[in-house]
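Chains as they are written, first to last, in full-length UniProt numbering: chain A, 1 to 139; chain B, 1 to 139.
A short worksheet on the structure shown next.
There are 2 protein chains.
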Amino acid sequence: MSLSIGDVSQATGLSVHALRFFEREGLFLRDIPRTQGGQRAYERPDVDWLLLCNRLRESGMPIATVKRFADLVKEGPGNEPDRLALLREHERQVEAKIDELRACLAVIHDKVVVYERHVEAGTATGLWSPPLDAEPRRP
Amino acid sequence: MSLSIGDVSQATGLSVHALRFFEREGLFLRDIPRTQGGQRAYERPDVDWLLLCNRLRESGMPIATVKRFADLVKEGPGNEPDRLALLREHERQVEAKIDELRACLAVIHDKVVVYERHVEAGTATGLWSPPLDAEPRRP
DNA sequence: CCTTGACCTAGAGCGCACTCTAGATTCTAG
DNA sequence: CTAGAATCTAGAGTGCGCTCTAGGTCAAGG
Chain A
1 MSLSIGDVSQ ATGLSVHALR FFEREGLFLR DIPRTQGGQR AYERPDVDWL LLCNRLRESG
61 MPIATVKRFA DLVKEGPGNE PDRLALLREH ERQVEAKIDE LRACLAVIHD KVVVYERHVE
121 AGTATGLWSP PLDAEPRRP
Chain B
1 MSLSIGDVSQ ATGLSVHALR FFEREGLFLR DIPRTQGGQR AYERPDVDWL LLCNRLRESG
61 MPIATVKRFA DLVKEGPGNE PDRLALLREH ERQVEAKIDE LRACLAVIHD KVVVYERHVE
121 AGTATGLWSP PLDAEPRRP
């Protein structure tokens, strides 16, 4: 039994607009067939693919790159090393992003701690308190 | 000694365009003064603030939120609990994003492993091999 | 001096990833 | 049968975060 665009929207969390957009952009692994009435008729594997796409997108892969991956898959067997390279490269980037976020988190957490101490102990130390003032340049 | 926009660009990695844009958007903690010739004259604390902004931005804080934080700081002492709340909320979001990325990474890594096995062992199992086919809907 | 590069303002333009609109058709429940 | 919900296509519009342009002014080295 096939799935309507609404079903797929529900199953993937993507809006129907996004699904039509993805189709125009060629992100699917096949041409989505239509019913005799002209409505999209998806199948489970389409949903599975979209769920993977969601993970790739959430982790920062641009649509153009998802499309490159989809194109490789559509080409059929023979280019698995290329697909592997693409995935490995993305994996590397996600790891790097996690590291970056952790570094940011450390900085932010330090600020939180400073403010906590400040808030629960009267008044301040170590904050960007009143607007900074400075001498004019080449006065 | 004050810093030119080029100096600050170098020090922060932000383009001079971005620095002027940030100023228009009110992200600075003060009005950046000008030299008699009309050029921006930054000081070290401006750079320090921008470096913090960079961390906030890298970790996904929208410019509007950075501005809210800047506005709180500019208001001066008294609203530290609000600043703390803002930072804590962002901290929470960054932690959530890291978790999300880790989940994505697990999925991606699984795919990588599947492809590795496939590539270094002849032909396939468990991939989106040839384009999926399916029966038409309500035929 | 004078050239060359950095800087100025105001505002237009861009890339991305959707999102929404219009106007028509199809599907479904009563 | 019919009303209302869902879907269709093609294309315009949106929000974000810059980035670039035009048409100048300013500043530092030779």
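Glycine included, each C-beta is placed from N, C-alpha and C at the ideal position.
With a threshold of 8 Å between beta carbons, is Ser-9/B in contact with chain A?
Output row for Ser-9/B: interface = no.
For Leu-3/B, which residues does DSSP report across the bridge?
Tyr-42/B
By DSSP, does Arg-34/B sit in helix, in strand, or in coil?
strand
Can you have a look at Val-8/B and say buried or exposed, based on whether 16 or more other CB atoms are within 10 angstroms of its CB?
buried
Pro-81/B, enclosing alpha helix (DSSP H) - first and last residue
80-119
Out of Ser-59/A, Gly-26/A, Pro-62/A, point me to the one whose CA is closest to Asp-46/A's CA.
That would be Gly-26/A, whose Cα lies nearest to the Cα of Asp-46/A.
Against chain A, which members of the stretch 66-88 of chain B pass a CB distance test of less than 7 Å?
Val-73, Lys-74, Gly-76, Pro-77, Glu-80, Pro-81, Arg-83, Leu-84, Leu-87, Arg-88
Throw me the rounded Cβ distance for the Arg-83/B and Leu-72/B pair, which I believe falls under 8 Å.
About 5 Å separates the two Cβ atoms, so the contact holds.
Straight-line Cα distance separating Tyr-42/A from Asp-48/A:
Distance between the alpha carbons of Asp-48/A and Tyr-42/A is about 11 Å.
Could you tell me the distance, in whole angstroms, from the CA atom of Thr-35/B to the CA atom of Asn-79/B?
33 Å
State the start and end residues of the unbroken alpha helix (DSSP H) segment that holds Glu-23/A.
16-24
Between the CA atoms of Phe-69/A and Gly-76/A - distance to the nearest angstrom
11 Å
Is the CB of Val-47/A under 8 Å away from at least one CB in chain B?
no
Examine chain A for any beta-carbon lying closer than 8 Å to the beta-carbon of Arg-55/B, and answer yes or no.
yes
Is it right to say Phe-22/B is buried, meaning 16 or more other beta carbons lie within 10 angstroms of its own, or is it exposed?
buried
Cβ-based contacts, 8 Å cut-off: residues of the stretch 105-124 of chain B near chain A:
Under the 8 Å Cβ criterion, the stretch 105-124 of chain B contributes Leu-105, Val-107, Ile-108, His-109, Lys-111, Val-112, Tyr-115, Glu-116, His-118, Val-119, Thr-123, Ala-124.
Collapsed DSSP secondary structure at Leu-72/B in the structure displayed:
helix
Measure the Cβ-Cβ separation of His-109/A and Glu-116/B and say whether it is below 8 Å.
no
Whose Cβ in chain A lies nearer than 7 Å to the Cβ of Leu-101/B?
Ser-59, Val-94, Lys-97, Ile-98
Within the 8 Å Cβ cut-off, does Glu-23/A reach chain B?
no
In whole angstroms, give me the CA-to-CA distance for Gly-122/A and Leu-52/B.
So the two alpha carbons sit approximately 24 Å from each other.
For residue 146/B, which residues in chain A fall below 7 Å Cβ to Cβ?
Because chain B is modelled from 1 through 139, residue 146/B falls outside the range shown and cannot be assessed.
Quick check on Leu-52/A: does DSSP put it in helix, strand or coil?
helix
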